[in-house]
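Note sheet for the following structure.
2 protein chains.
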Amino acid sequence: MRRPTLEAVAARAGVSRATASRVVNGQTTVAPDIRDAVLRAIDELGYVPNSAARSLVTQRTDSIALVISEPGTRVFSDDPWFAMAIRSASVELEEANKQVVLMLASNAKSHARVERYIAGGHVDGVMLISMHGADPLPSALSRLRVPVVSYGRPAVPVNIPYVDNDNLGGAEAGVRHLVEQGRRRIATIAGPQDMIAGQDRLAGYRKVLRDSDLRSIVAVGDFTRESGAIAMRQLLGDDPSLDAVFVANDLMAVGALQSLRLAGRRVPDDVAVVGFDDIEAAKYTEPPLTTLRHPVIEQAAAMVRLLLSLFEGGPAEPVILPTELVIRESA
Amino acid sequence: MRRPTLEAVAARAGVSRATASRVVNGQTTVAPDIRDAVLRAIDELGYVPNSAARSLVTQRTDSIALVISEPGTRVFSDDPWFAMAIRSASVELEEANKQVVLMLASNAKSHARVERYIAGGHVDGVMLISMHGADPLPSALSRLRVPVVSYGRPAVPVNIPYVDNDNLGGAEAGVRHLVEQGRRRIATIAGPQDMIAGQDRLAGYRKVLRDSDLRSIVAVGDFTRESGAIAMRQLLGDDPSLDAVFVANDLMAVGALQSLRLAGRRVPDDVAVVGFDDIEAAKYTEPPLTTLRHPVIEQAAAMVRLLLSLFEGGPAEPVILPTELVIRESA
DNA sequence: ATGGGGTGAGAGAGCGCTCTCTCAAGAGAT
DNA sequence: ATCTCTTGAGAGAGCGCTCTCTCACCCCAT
Chain E
1 MRRPTLEAVA ARAGVSRATA SRVVNGQTTV APDIRDAVLR AIDELGYVPN SAARSLVTQR
61 TDSIALVISE PGTRVFSDDP WFAMAIRSAS VELEEANKQV VLMLASNAKS HARVERYIAG
121 GHVDGVMLIS MHGADPLPSA LSRLRVPVVS YGRPAVPVNI PYVDNDNLGG AEAGVRHLVE
181 QGRRRIATIA GPQDMIAGQD RLAGYRKVLR DSDLRSIVAV GDFTRESGAI AMRQLLGDDP
241 SLDAVFVAND LMAVGALQSL RLAGRRVPDD VAVVGFDDIE AAKYTEPPLT TLRHPVIEQA
301 AAMVRLLLSL FEGGPAEPVI LPTELVIRES A
Chain W
1 MRRPTLEAVA ARAGVSRATA SRVVNGQTTV APDIRDAVLR AIDELGYVPN SAARSLVTQR
61 TDSIALVISE PGTRVFSDDP WFAMAIRSAS VELEEANKQV VLMLASNAKS HARVERYIAG
121 GHVDGVMLIS MHGADPLPSA LSRLRVPVVS YGRPAVPVNI PYVDNDNLGG AEAGVRHLVE
181 QGRRRIATIA GPQDMIAGQD RLAGYRKVLR DSDLRSIVAV GDFTRESGAI AMRQLLGDDP
241 SLDAVFVAND LMAVGALQSL RLAGRRVPDD VAVVGFDDIE AAKYTEPPLT TLRHPVIEQA
301 AAMVRLLLSL FEGGPAEPVI LPTELVIRES A
């Protein structure tokens with residue numbers, strides 16, 4: 001026994017298929033009593049429109065691809081913001097009655113699949129989460145005739161509207177806080193330099209140090225705890241007298257705290273630490289982490305709004321959200 | 001200019017639409033030269049099959065709903081396993097050429113939407129992640145005529161095959177480890193008792209204590225760090241002489257460690273701590289956490305295989321994966 | 001030369017829906 | 001009483017694809 005069709009609903013309600021369709025799609029040109037008869041038939045039969053048939057004729061799919069273009073290992077590994085961004089975007093999209101198709105583009109093969117899928121018109125729009133400079137996907141997708149928005153400024157200049165947080169300003173605020181605390185040997189653990197967030201946060205650090213006539217001491221990590229721990233050991237070797245470190249994300253800061261502890265440095269007495277992201281774990285480090293909060297949830301929501309407005313032919317202006325310094329005990 | 005259709009491909013290759021369709025779908029009853037001609041036409045036109053039209057006739061969609069039935073705040077908040085499970089499932093499904101439709105069912109309204117969507121035949125199957133006893137979704141979905149598999153044993157007995165890890169055995173191993181270390185006042189911070197994982201891990205704790213003739217001391221949390229910290233304070237108040245605590249997940253263990261630190265207890269000297277899950281953060285606590293590892297990635301992959309085998313009419317036996325005690329410094 | 005079997009390709013009917021076009025019926029204007 | 005206009009509902013043409021049926025053709029056995 002197959003699912004009831006619009007035809008069946010129409011038959012039961014004693015009207016034509018066209019009228020039943022009008023009721024389903026909420027058109028107003030249907031007399032109230034007929035409308036009720038159709039609604040009753042729908043209810044009795046448990047009718048649900050067949051979306052394949054519908055999108056075949058409307059050329060819309062009411063679904064949005066959420067493309068995460070990152071090596072699988074890093075994504076999700078346990079950086080919470082990916083998950084938060086996905087959740088927030090999902091909630092907002094469901095609010096707008098769009099389905100979310102999740103696509104992971106972790107390598108060349110899956111890149112090709114994603115491109116083919118998008119080109120195939122399976123979705124009405126694309127939300128792209130890609131933080132890597134070398135990623136070919138943003139430019140590839142921007143060539144397709146599909147609305148695309150990006151979470152985070154695309155590394156290569158490409159005509160895709162995006163939503164990002166103020167990495168530069170946030171980093172400046174964090175480092176300035178260290179300067180104001182009287183710290184003079186301020187190092188940084190930078191993020192990967194093929195990522196915009198990595199670049200911008202390092203640039204913010206450099207700018208403040210230059211303005212304060214302080215020497216910069218840089219180690220580079222890849223945003224994982226492990227890399228933060230390694231980078232911190234390296235910095236301590238390079239300059240044992242450092243008295244502060246600005247870490248480009250909280251996960252690396254957690255690793256850095258561990259290295260500092262193992263090296264016998266007290267935080268913040270000997271070395272002050274500022275992180276970036278304000279993940280939940282930042283409250284539970286020893287000591288709790290001073291860090292820069294940026295609104296992941298709002299950023300994802302703003303991205304959804306941007307995409308929806310694109311559908312309406314609205315403006316495609318990038319959105320930059322502010323960051324906020326959260327002072328705890330580490331600095 | 002719209003997308004090329006099969007008709008266009010057929011015309012360019014000088015064959016009928018049916019033959020072009022045969023080539024696209026890899027049927028073997030096409031002569032090699034004609035096949036090549038069609039493939040060339042496809043390539044030249046950049047043809048991509050219209051999935052709506054295809055699934056209209058095949059009655060398949062090649063997509064799978066990944067339904068996460070949890071209050072939004074808890075999901076993803078920063079428990080990494082949700083994200084890991086999603087990633088792993090996605091990778092496996094993409095391998096099998098299925099699309100992943102992500103659906104969040106956080107409240108009654110979204111439950112209804114999910115049910116409607118599934119009932120609407122938009123997907124070929126459902127992977128359900130639901131850890132709550134009171135959740136009506138498992139039974140609701142099991143009534144629909146759609147293959148459903150569950151991540152984690154459904155709380156209400158319902159005819160859905162599932163994949164789970166050995167919560168009971170894992171908890172037993174963890175508590176037994178504490179007993180073997182000579183601990184005698186062993187408390188537990190249990191998980192929420194409306195969740196199977198919470199129940200089973202508590203049951204494992206109880207069983208070992210009973211077998212060892214020790215008294216149980218129980219506080220209940222909700223699997224968040226915060227609740228772990230609160231529960232630990234409470235346990236210390238209830239019985240200041242406790243010398244070990246088995247915590248039902250690592251996130252709560254992190255909170256418990258913080259409370260122990262604030263209370264001036266040394267870990268593991270004064271109080272030994274065992275967690276559960278072996279999240280990445282467990283390596284970075286002070287001291288690093290002894291915990292029970294369970295294979296989230298494999299579990300998700302097994303769930304996908306289970307669903308795919310269901311499509312083939314294969315067996316629907318639940319799968320239980322083992323856990324492993326990882327000994328670090330906290331116990 | 002005839003018939004049977006196998007192979008490769010085309011014709012055409014739908015899958016379930018939307019939407020334009022058409023038309024009937026009744027209200028109001030002349 | 002006739003005509004125009006509005007409103008409500010039906011007819012029917014597709015959307016792009018798959019798949020069954022049908023048939024043309026060639027090879028080999030008789």
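Line by line, the protein sequences are chains E and W. Per the UniProt record's numbering, the first sequence starts with residue 1, numbered consecutively. Per the UniProt record's numbering, the second sequence starts with residue 1, numbered consecutively. Every residue, glycine too, gets a C-beta built ideally from N, C-alpha and C.
Practice item. Take the Cβ of residue 248 of chain E as the centre, count every other Cβ of all protein chains shown within 10 Å, and call the residue buried at 16 or more, exposed below. Key: buried
Exercise for review: Let me know the alpha helix (DSSP H) ranges lying completely inside the UniProt domain "HTH lacI-type" (4-58) of chain W, each 4 residues or longer, listed in chain order.
Suggested key: 6-13, 17-24, 32-45, 51-58
Check your understanding: In or out: residue 87 of chain W buried (at least 16 other Cβ within 10 Å) or exposed?
Key -> buried
**Study point:** Whole-angstrom C-beta distance between residue 118 of chain W and residue 65 of chain W, which should lie under 8 Å
**Key:** 6 Å
Check your understanding: Would residue 13 of chain W be called buried (16 or more neighbouring beta carbons within 10 Å of its own) or exposed?
Key -> buried
Check your understanding: Which class does residue 176 of chain W belong to by DSSP, given the choice of helix, strand or coil?
Key -> Of the three classes helix, strand and coil, the one that applies to residue 176 of chain W here is helix, per DSSP.
**Study point:** Continuous beta strand (DSSP E) assignments of at least 3 residues falling wholly in the region 107-139 of chain E
**Key:** 125-129
Exercise for review: To the nearest angstrom, report how far apart residue 81 of chain E and residue 221 of chain E are at their CA atoms.
Suggested key: Across the structure, residue 81 of chain E and residue 221 of chain E are spaced so that their CA atoms are roughly 18 Å apart.
Review point. Leaving out the 5 sequence neighbours to the left and right, which residues in its chain are closer than 6 Å to residue 125 of chain E when beta-carbon positions are compared?
Key: 64, 147, 307
Practice item. Have a look at the DSSP bridge pairing and note the partners of residue 293 of chain E. Key: E/277, E/324
Check your understanding: Does the beta carbon of residue 284 of chain E sit closer than 8 Å to a beta carbon anywhere in chain W?
Key -> yes
Practice item. Rounded to whole angstroms, what's the CA-CA distance from residue 227 of chain W to residue 190 of chain W? Just pull it up for me. Key: 10 Å
Review point. Assuming residue 254 of chain W and residue 285 of chain W make a contact with CB atoms under 8 Å, what is their CB distance in whole Å?
Key: 6 Å
Check your understanding: beta strand (DSSP E) containing residue 104 of chain W: first to last residue?
Key -> 99-104
Review point. Counting Cβ pairs, one atom from each stretch, are 3 or more of them under 8 Å apart for the region 194-213 of chain E and the region 21-29 of chain W?
Key: no
Check your understanding: Can you name, in chain order, every residue of its own chain whose Cβ lies under 8 Å from the Cβ of residue 305 of chain E, other than the five neighbours on each side?
Key -> 92
Point to revise | Contacting positions in the region 89-116 of chain E - beta carbon closer than 9 Å to chain W | key: 90, 91, 94, 97, 99, 100, 101, 102, 103, 104, 106, 110, 113, 116
Practice item. State the CB to CB distance for the pair residue 121 of chain W and residue 3 of chain E, rounded to an integer number of angstroms; the pair is presumed to be in contact (CB under 8 Å). Key: Correct: roughly 6 Å between the Cβ atoms.
Exercise for review: Reducing DSSP to helix, strand and coil, say where residue 165 of chain W ends up.
Suggested key: strand
Practice item. Taking only beta carbons into account, state which residues of the region 269-283 of chain W come closer than 9 Å to chain E, listed in chain order. Key: From the region 269-283 of chain W, only 279, 280, 281, 283 have a Cβ closer than 9 Å to chain E.
Review point. Beta-carbon separation of residue 106 of chain W and residue 71 of chain W under 8 Å?
Key: yes
Practice item. Give the interface partners of residue 49 of chain E over in chain W, defined as CB-CB distance under 8 Å, in chain order. Key: 120
Review point. Got a sec, what are the start and stop residues for the beta strand (DSSP E) residue 246 of chain W sits in?
Key: 244-247
Exercise for review: Could you tell me which of E/20, E/33, E/132, E/296 sits nearest to residue 166 of chain E, measuring between CA atoms?
Suggested key: E/296
Review point. Do three or more CB pairs link the region 315-331 of chain E to the region 176-186 of chain E at distances below 8 Å?
Key: Judged by Cβ distances under 8 Å, the region 315-331 of chain E makes contact with the region 176-186 of chain E, as three or more pairs qualify.
Point to revise | Close-in-space but distant-in-sequence residues of the same chain around residue 321 of chain W (CB under 8 Å, 5 per side omitted) | key: 163, 164, 165, 166, 294, 295, 298, 299, 302
Review point. What is the DSSP secondary structure of residue 333 of chain W, counted as helix, strand or coil?
Key: Given that chain W is displayed from residue 1 to residue 331, the structure contains no residue 333 of chain W and the question cannot be resolved.
Exercise for review: For the beta strand (DSSP E) containing residue 89 of chain W, list its first residue and its last residue.
Suggested key: Unbroken run through residue 89 of chain W is the alpha helix (DSSP H), 80-95; no beta strand (DSSP E).
**Study point:** CB of residue 132 of chain E within 8 Å of CB of residue 194 of chain E, strictly
**Key:** At a Cβ-Cβ threshold of 8 Å, residue 132 of chain E and residue 194 of chain E count as neighbours.
Exercise for review: Take every Cβ of the region 43-59 of chain W, pair it with every Cβ of the region 107-115 of chain W, and state whether three or more of those distances are shorter than 8 Å.
Suggested key: no
Review point. Name the DSSP beta bridge partners of residue 319 of chain E, please?
Key: E/163
Review point. Do you know how far the Cα of residue 89 of chain W is from the Cα of residue 100 of chain E?
Key: The C-alpha of residue 100 of chain E lies about 15 Å from the C-alpha of residue 89 of chain W.
Check your understanding: So is residue 172 of chain W buried or exposed if we call it buried at 16+ other beta carbons inside 10 Å?
Key -> Its Cβ being crowded by 16 or more others within 10 Å, residue 172 of chain W is buried.
Point to revise | Reference residue 270 of chain W; option with closest CA among W/257, W/281, W/219 | key: Residue nearest to residue 270 of chain W within the set W/257, W/281, W/219 is W/257 (criterion: CA-CA distance).
Review point. Which value, in whole angstroms, describes the spacing of the CA atoms of residue 275 of chain E and residue 289 of chain E?
Key: The C-alpha of residue 275 of chain E lies about 7 Å from the C-alpha of residue 289 of chain E.
Exercise for review: Taking only beta-carbon positions, decide if residue 328 of chain E is within less than 8 Å of chain W.
Suggested key: Any Cβ of chain W closer than 8 Å to the Cβ of residue 328 of chain E would place that residue at the interface, and such an atom is absent.
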